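For reference, the structure discussed in these notes is given below.
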Ligand SMILES: Cc1cc2nc3c(=O)[nH]c(=O)nc-3n(C[C@H](O)[C@H](O)[C@H](O)COP(=O)(O)OP(=O)(O)OC[C@H]3O[C@@H](n4cnc5c(N)ncnc54)[C@H](O)[C@@H]3O)c2cc1C
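Numbering (our numbering), first residue to last: 23 to 284.
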């Protein structure tokens with residue numbers, strides 16, 4: 023471990039000030055950050071613990087939206103009766119992230135800021151057309167995920183909350199990599215006021231919308247509408263866990279299962 027200063031702000035405003043130090047890093051549950059530090063991938067001069075900021079936790083349902091504080095753990099989302107009632111697919115997604123320990127420490131803000139290409143929450147955020155709230159602005163899901171581990175967040179910008187419009191129908195299907203429990207491929211589908219969305223994680227460098235499947239489902243929201251549908255393997259991930267063709271084959275299958283379950 024390298025030496026670093028440790029800050030425990032109680033408000034978002036104080037966290038923003040502490041994060042302005044050169045090479046400072048925000049920390050939520052530390053599920054990715056601490057391992058990156060232990061492996062020597064990063065050596066921040068200061069760590070700003072967001073865990074004591076009460077205004078960043080909690081879940082509210084109002085005006086057709088579910089709003090989740092950026093510091094809310096996966097376990098809290100999975101267990102929330104409000105989320106289970108309003109967007110059961112979101113509670114389902116949170117309940118299948120990693121293992122019990124990871125769900126008790128990992129947060130929605132940390133997951134989105136990290137933007138791992140196989141993470142689950144980015145699929146829900148893009149698949150529901152959510153809005154990311156930060157200390158300084160709001161960012162639409164379609165503008166948030168820019169590339170491999172890259173988002174629209176500026177250095178030191180803090181995700182304070184995420185608001186999800188409540189859809190008429192939605193569902194999540196995850197084909198997990200059994201060792202890491204991340205998605206080899208995960209597909210989130212929704213049908214709501216904003217139309218049909220099909221978001222895919224794990225298959226590419228960054229979560230993305232599968233527009234061909236969206237067009238078919240907009241015409242006919244049924245699993246049958248995806249029977250025989252194919253997705254190009256061009257540009258998809260190709261690694262020891264699964265070829266690009268394997269991932270491409272999984273996408274319409276998982277999307278069809280999700281629609282059937284919605
Ligand atoms: C064994 C294991 C299995 C996992 N399996 C899955 C899985 O199946 N699916 C899945 O989706 N994820 C999985 N994860 C990831 C995990 O769920 C966490 O979401 C992820 O590791 C981020 O953790 P964290 O919230 O503790 O953030 P941290 O590790 O504390 O931070 C991660 C990054 O986000 C930044 N950050 C944190 N909070 C904020 C914020 N509010 N605003 C701006 N930036 C912020 C930090 O500076 C850091 O760069 C797994 C992790 C582990 C260790």
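Positions of the beta carbon are idealized from the N, C-alpha and C atoms, including for glycine. Owing to the predicted nature of the structure, the values given are computational and were not obtained by experimental measurement.
Exercise for the section: Kindly examine ligand 1 and report whether one of its heavy atoms sits closer than 6 Å to the Cβ of residue 20. Expected result: Nothing about residue 20 can be reported from this structure: the residues present for the chain run from 23 to 284 only.
Problem - DSSP-derived helix/strand/coil call for residue 153 - result: strand
Practice task
Identify the continuous beta strand (DSSP E) that holds residue 168 and give its terminal residues.
Solution key: 167-169
Exercise for the section: Flag residue 63 as yes when its Cβ comes closer than 6 Å to any non-hydrogen atom of ligand 1, and as no otherwise. Expected result: no
Handout entry: When 64, 56, 92 and 47 are compared against residue 181, the one with the closest alpha-carbon
Key = 92
Problem - Three-way DSSP call (helix, strand, coil) for residue 275 in this model - result: helix
Practice task
Using alpha carbons as the reference points, say which of 211, 227, 228 and 263 lies closest to residue 240.
Solution key: 211
Problem - Inter-residue Cα distance where the pair is residue 252 and residue 118 - result: 27 Å
Exercise for the section: In the DSSP assignment, find the alpha helix (DSSP H) that holds residue 57 and state where it starts and stops. Expected result: 55-60
Handout entry: Sequence-distant residues of the same chain with beta carbon closer than 6 Å to residue 224, five excluded per side
Key = 140, 205, 206, 207 and 208
Problem - Distance between residue 150 and residue 127 (C-alpha atoms, nearest Å) - result: 24 Å
Problem - beta strand (DSSP E) segments (min. 3 residues) lying fully within the segment 216-281 - result: 217-223
Exercise for the section: Grab the span of the beta strand (DSSP E) containing residue 63 for me, first residue to last. Expected result: That residue, residue 63, is in no beta strand (DSSP E); it is neither H nor E in DSSP.
Practice task
Tell me where the alpha helix (DSSP H) around residue 113 begins and ends.
Solution key: 110-117
Handout entry: Rounded straight-line distance, which links the Cα of residue 266 to that of residue 28
Key = 42 Å
Problem - Other residues of its chain near residue 217: CB distance less than 7 Å, five sequence neighbours each side excluded - result: 240
Problem - Alpha-carbon to alpha-carbon, residue 65 and residue 80 - result: 31 Å
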